[in-house]
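Read top to bottom, the protein sequences are chains H and B.
Throughout, the numbering used here is defined as the position within the first sequence, counted from one, plus 83.
Throughout, the numbering used here is defined as the position within the second sequence, counted from one, plus 93.
Idealized CB from N, CA, C, for every residue including glycine.
Values in this document were obtained by computation on a predicted structure and should not be read as measured data.
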Amino acid sequence: MTGQQKRAPYLMAAPAVILFTVFIVVPIGYAIWLSLHAMRVRGAGFGIRTEVFIGLENYLEAIQDSALYEAMQRMLGYGVIMVPATMGLALLFALLLDAPRVGGKRASRITIFLPYAVPGVIASLLWGFIYLPAVSPISAALEGAGLPAADFFGDVSIFFSVANIAVWGSVGFNMVVLYTTLRAIPKELYEAARIDGATEWRIALRIKVPLLRPALTMTSVFTLIGMLQVFSEPATLRPMTNAISQDWVPLMRIYQQAFVDNDIYLGAASSVLLAGATVLLSLAALAVFRTRSARSDR
Amino acid sequence: MRSPRCAPEFNPTLEIPLRRRTFLLSSAATLLLAGCGTGDPGSDAGAPAPSPVAGDENAAASLVFWSWAENIQRVVDLWNKKNPTQKVTLSGQAASDELIAKFLTAVKAGNAPDVLQAEYQSLPTLITNNALQDLTNVIAPVKSAFPEGTWNLTSFGGATYAVPADVGPMMLFYREDLFEKLGLEVPKTWEEFGALAETVRQKDAKRYLTTFSPGDAGWVAGFAQQAGANWWSNEKEAWKVAIDDPATRKVLSFWGGLVNSGAVLGDPMYTPQWNSQMNDGTIIAWPSAVWGSGVLAGVAPSSKGKWKMAPLPQWSASENVTGFWGGSSTAVSATSKQKPQAAKFARWLSTDPEALKVLVEIGLYPAATLGQTSGGLDTAPEYMTGQPDYYESASKISQTARGFDSWGPNTNVTYGQFEDQLPTAVKNKADLAAVATKVQQASVADLKKQGYQVVGG
Numbered sequence: 084m085t086g087q088q089k090r091a092p093y094l095m096a097a098p099a100v101i102l103f104t105v106f107i108v109v110p111i112g113y114a115i116w117l118s119l120h121a122m123r124v125r126g127a128g129f130g131i132r133t134e135v136f137i138g139l140e141n142y143l144e145a146i147q148d149s150a151l152y153e154a155m156q157r158m159l160g161y162g163v164i165m166v167p168a169t170m171g172l173a174l175l176f177a178l179l180l181d182a183p184r185v186g187g188k189r190a191s192r193i194t195i196f197l198p199y200a201v202p203g204v205i206a207s208l209l210w211g212f213i214y215l216p217a218v219s220p221i222s223a224a225l226e227g228a229g230l231p232a233a234d235f236f237g238d239v240s241i242f243f244s245v246a247n248i249a250v251w252g253s254v255g256f257n258m259v260v261l262y263t264t265l266r267a268i269p270k271e272l273y274e275a276a277r278i279d280g281a282t283e284w285r286i287a288l289r290i291k292v293p294l295l296r297p298a299l300t301m302t303s304v305f306t307l308i309g310m311l312q313v314f315s316e317p318a319t320l321r322p323m324t325n326a327i328s329q330d331w332v333p334l335m336r337i338y339q340q341a342f343v344d345n346d347i348y349l350g351a352a353s354s355v356l357l358a359g360a361t362v363l364l365s366l367a368a369l370a371v372f373r374t375r376s377a378r379s380d381r
Numbered sequence: 094m095r096s097p098r099c100a101p102e103f104n105p106t107l108e109i110p111l112r113r114r115t116f117l118l119s120s121a122a123t124l125l126l127a128g129c130g131t132g133d134p135g136s137d138a139g140a141p142a143p144s145p146v147a148g149d150e151n152a153a154a155s156l157v158f159w160s161w162a163e164n165i166q167r168v169v170d171l172w173n174k175k176n177p178t179q180k181v182t183l184s185g186q187a188a189s190d191e192l193i194a195k196f197l198t199a200v201k202a203g204n205a206p207d208v209l210q211a212e213y214q215s216l217p218t219l220i221t222n223n224a225l226q227d228l229t230n231v232i233a234p235v236k237s238a239f240p241e242g243t244w245n246l247t248s249f250g251g252a253t254y255a256v257p258a259d260v261g262p263m264m265l266f267y268r269e270d271l272f273e274k275l276g277l278e279v280p281k282t283w284e285e286f287g288a289l290a291e292t293v294r295q296k297d298a299k300r301y302l303t304t305f306s307p308g309d310a311g312w313v314a315g316f317a318q319q320a321g322a323n324w325w326s327n328e329k330e331a332w333k334v335a336i337d338d339p340a341t342r343k344v345l346s347f348w349g350g351l352v353n354s355g356a357v358l359g360d361p362m363y364t365p366q367w368n369s370q371m372n373d374g375t376i377i378a379w380p381s382a383v384w385g386s387g388v389l390a391g392v393a394p395s396s397k398g399k400w401k402m403a404p405l406p407q408w409s410a411s412e413n414v415t416g417f418w419g420g421s422s423t424a425v426s427a428t429s430k431q432k433p434q435a436a437k438f439a440r441w442l443s444t445d446p447e448a449l450k451v452l453v454e455i456g457l458y459p460a461a462t463l464g465q466t467s468g469g470l471d472t473a474p475e476y477m478t479g480q481p482d483y484y485e486s487a488s489k490i491s492q493t494a495r496g497f498d499s500w501g502p503n504t505n506v507t508y509g510q511f512e513d514q515l516p517t518a519v520k521n522k523a524d525l526a527a528v529a530t531k532v533q534q535a536s537v538a539d540l541k542k543q544g545y546q547v548v549g550g
């Protein structure tokens, strides 16, 4: 090999490595560095704040932060609704679209997918209109029908209201992934099953769903990560209601620490903890899915 | 210039103002955000002696100005026309609490603007982060242009760090036509206000006197100022924090009583719902500040000329006092390399008669006495056609406004606490006065954590 040939692989990898370093490794490193520091005041009275090294103090505070745990509980409450609803609806729609003799497939597919193209903040603003009693068309319709008004911002209903926005926005994407996988399944399998007398219902349950497992695993992990990162929906709804506090979910708590309380150092420590939890949870989810599929392979 | 939290300009039908503008964050983005700016540990150890501004303020310059005030470009254009060698470039900012974090980061990174629009309550945070230039020696000549109480808003520990630009003395807006229709009297005291709230409910079950918006700490601070609270004072060596004081508890108990009994609403302001209720007469009064007429013009266009303004109700009939909500000042960055010119611009912006005239035209209520009495304020805002002497009354009310001795070095934490706890307390119909205790504890704990000396507790 000539010298040039030896260098080639490194040159080709360089853009990816450089981008990864600049946009992932360095910021993570800096966040960790920040999380070990804090602004502390020197001098009496008004004083001047200076950045000092404080070791793990921020982590101790973040771990003992009850608001963060309460935020996690609310996030789980939201996730219990959002994850199954998203996955269930995505699977249902994908199977329906893939069923033979279904009309208007193209239009339905686009209609279901379209909300995904609406940014989360915009979607939340739109839904906010629908939730606020004085401007809500739903409330107006209920009132017109003489029914009691719906409270979208109640203690329990708030979780459904927030989850609904996320589900509305993410079902389309997951549906498309699942549907694309379904289209790739050889048609001969269905023909064979039909010859054996299987109904469409049995084909869906016994052939399609098992073959969708890898795609279901992937979309489930995405949805779980989406749950951990929920921010824009509750943060956008917050100014409209007393039911969502500033620290409603973990990312809002971190945002509050960094940009409301102006303690970017504590925010960095909480971020590092949350990122660690995300990695662990993702790995755990993958492991669960893998053992399950290994078991069913046997 | 007015606080975004207080008075966002917005289209009542579609654009929804966020009291705290938010943007998408993933946890990776959080890390990235946390990673902006460069750390410089130890280089600024110890409090540097405040150095006065020195140099030729008429030397050629090219200044960058961060501001969020709507149409402020007009004032900048005026300056650029008159000072061709000292060009000011406006960088429009999304006004919010995050602006402070952004500015502090820019100062650390060495690319801060020369001039910054800063809300009064954020000044101590900026000063203690060593981000602002002490302007005492260059702006002292214009001190007499401002009421003393206003000047004190930007002076800390004997030094002045910014030039007051606009103020927001609080007043009561009410729907005159509906007050007349329902046979209501404009309340002179809070006691009358409370009774009136009940009367409105009895006379027309569809209407409310007002809403207590629990997520607006600046608004609550204004009420507390009127009641005589003094949340922060700097006593030589240490800070005194008095958020959990009788005045604040009185204010919170009063509103808590009204909102828990259903006499007033407890929903946030600045939502599509609030816009609609302000417009259709569901809400018939709004304790606000002088800039409130501009907000009304935006949210309730169809009730133009129907709203009137009166002094805020008093705690006792013999009193005549109000608080501040919003307002901002012009400061110079500690890292600016053109401080004399920057200070000159800041001074000009708040005191030059022509600049003041444009400030009024773009909807701001100037802090300078001259600005409150001169030309531009002869005619009432277009929206307030029912009240030709709007600014004359505003000027009188403005003389009665009182603020706190000082804003605290962690006002942002205190505000954040209020905005977190009051909405929850309203939702749960809990005792609002108890929130003062919690906010006091959290504010003091944060000060102590940062290393401040705190007296009392």
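The C-beta of F239/B comes no closer than 9 Å to any C-beta of chain H.
When DSSP states are grouped into helix, strand and coil, Y301/B belongs to the strand group. Interface flag for N247/H against chain B is unset, since no Cβ pair is found closer than 9 Å.
The C-beta distance from L119/H to F103/H rounds to 23 Å, too long to fall under 8 Å, and the pair is not in contact. The C-alpha of S386/B lies about 16 Å from the C-alpha of A162/B.
Annotated as proximal: Q319/B and W408/B, with beta-carbon spacing under 9 Å. I193, A194: these are the residues of the region 192 to 206 of chain B whose beta carbon lies less than 7 Å from some beta carbon of chain H, given in chain order.
Using a CB distance cut-off of 9 Å, I101/H does not count as an interface residue toward chain B.
In the three-state scheme derived from DSSP, where H, G and I count as helix and E and B as strand, A168/H is classed as helix. Between the beta-carbon of V204/H and that of S315/H there is about 5 Å, and that keeps the pair under the 8 Å contact cut. Taking 4 residues as the minimum length, the alpha helix (DSSP H) runs contained wholly in the region 464 to 495 of chain B are 483 to 491, in order along the chain. Within its own chain, the residues whose Cβ lies closer than 8 Å to the Cβ of L208/H, once the five positions on either side in sequence are excluded, are T319, listed in chain order. Within the region 507 to 532 of chain B, the residues whose Cβ lies closer than 7 Å to any Cβ of chain H are, in chain order, G509, E512, D513, P516, T517, V519, K520. Straight through space, the alpha carbons of P502/B and W325/B are spaced by roughly 9 Å.
Distance from the Cα of L174/H is smallest, within the candidate group M165/H, A246/H, V254/H, for V254/H. Cβ proximity to chain B below 8 Å picks out Q329, D330, L334, I337, Y338, Q339, A341, F342, V343, D344, N345, I347, G350 from the region 329 to 350 of chain H.
Here S499/B is buried. Its C-beta has 16 or more other C-beta atoms within 10 Å.
For N325/H, the nearest CB of chain B lies under 9 Å from its own CB, placing it at the interface with that chain. The shortest CA-to-CA distance from D524/B to any of D539/B, S354/B, D445/B is the one to S354/B.
For G374/B, there is no enclosing alpha helix (DSSP H), as DSSP gives it neither H nor E. Closer than 9 Å to the CB of S369/B there is at least one CB belonging to chain H. Taking 4 residues as the minimum length, the alpha helix (DSSP H) runs contained wholly in the region 191 to 247 of chain B are 191 to 202, 216 to 221, 229 to 232, 241 to 245, in order along the chain. Collapsing the DSSP output to three states places K333/B in a strand. Close partners of T229/B in chain H (Cβ separation under 7 Å) are lacking, with about 14 Å as the shortest Cβ gap.
Interface annotation, A224/H: not in contact with chain B, CB-CB separation never under 9 Å. By the neighbour-count definition (other C-beta atoms within 10 Å, threshold 16), M170/H is a buried residue. Proximity of chain H to T375/B at the Cβ level (cut-off 8 Å) is accounted for by A217, in chain order. Counting only unbroken stretches of 4 or more residues, the alpha helix (DSSP H) elements lying wholly within the region 92 to 156 of chain H are 109 to 118, 140 to 146, in sequence order. Under the three-state reduction of DSSP output, M263/B falls in the strand class.
Separation of the CB atoms of T472/B and D337/B is rounded to 44 Å, and the pair is thereby denied contact status at 8 Å. In the DSSP assignment, the residues bridged to S422/B are A211/B, P257/B. Here the alpha carbons of M323/H and E212/B stand approximately 24 Å from one another.
Beta-carbon to beta-carbon, Y262/H and D330/H are separated by about 38 Å, too far to satisfy the 8 Å threshold. Contact between V537/B and V313/B is ruled out by a C-beta separation of about 18 Å, above the 8 Å threshold.
Note that the region 246 to 264 of chain B touches the region 378 to 396 of chain B; at least 3 beta-carbon pairs, one per stretch, sit closer than 8 Å.
Counting along the chain, S244/H sits inside the alpha helix (DSSP H) bounded by residues 240 to 266.
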